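In full-length UniProt numbering, the protein residues as written are 1 to 99. Ideal placement from N, C-alpha and C gives every residue a C-beta, glycine not left out. Nothing here was measured: the structure is a model prediction, and the numbers come from that model. Structure, as structure tokens:
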């Protein structure tokens, strides 16, 4: 029981950290994008290029990072779950052996 609650706590911290990282990265990109758009607002073509570079490319990068982070987190959680299952099975085996 302790192992499963620890897994949920680990998963919760991973999700919170991923959300915070995405939030701060998106704030940085939004701030820099808006600054450049308002600085170069005279040329429509330049604004279009700035939007493409500073909104679409970072969005693709963030989505790729999310996929990588979730795959790594899922692999780590499976490893922890397997370890806790092995520990719980050993405890059950010890319990049955003592009877």
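Contact under 8 Å by Cβ, residue i with residue j
i: residue 25; j: residue 62; result: yes
i: residue 22; j: residue 77; result: no
i: residue 58; j: residue 29; result: yes
i: residue 69; j: residue 18; result: yes
Simplified DSSP assignment, three categories, for residue i
i: residue 9; result: helix
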